[in-house]
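Numbering-wise (full-length UniProt numbering), the sequence shown opens with residue 1 and increments by one. Even glycine gets a Cβ: it sits at the ideal position worked out from N, Cα and C. Just so it is clear, the structure is predicted and the values come from calculations on it, not from any experiment.
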Amino acid sequence: SYQPATQAYALSRGVAYLNDIRGFPDAAFYPQLAKSSAKLVVMHSVQDGQADRREAPAGDIMDHIAAFFDAR
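Below, the structure written as structure tokens:
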């Protein structure tokens with residue numbers, strides 16, 4: 001899920017893993033994540049909405065991905 005309300009519900013039900021396709025961008029939700037024992041699956045996504053095919057950004061893709069996670 002990428003919606004904090006859905007993620008909060010899942011945490012309240014004791015899920016073992018929580019996956020966010022946007023990389024957990026909502027900093028206000030971090031304290032609740034930190035209090036949980038759930039393992040986090042942090043994914044990399046460059047857009048909102050329905051997925052489509054896009055050209056990779058110019059330069060080293062690993063630099064782009066690292067910058068994405070640094071911002072999180």
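**Message:** Tell me the residue span of the beta strand (DSSP E) that contains D20.
**Reply:** It spans 17-20 - the beta strand (DSSP E) in which D20 sits, taken as one unbroken run.
**Asked** Between the segment 60-67 and the segment 11-23, do at least 3 Cβ pairs fall closer than 8 Å?
**Response** Not touching, per the Cβ criterion.
**Asked** Using CA coordinates, which residue listed in A5, A10, Y9, R72 is at the minimum distance from V42?
**Response** The residue with the shortest Cα to Cα distance from V42 is R72.
**Prompt:** Quick one: is residue 73 buried, meaning 16 or more other Cβ sit within 10 Å of its Cβ, or exposed?
**Reply:** Because the chain is modelled from 1 through 72, residue 73 falls outside the range shown and cannot be assessed.
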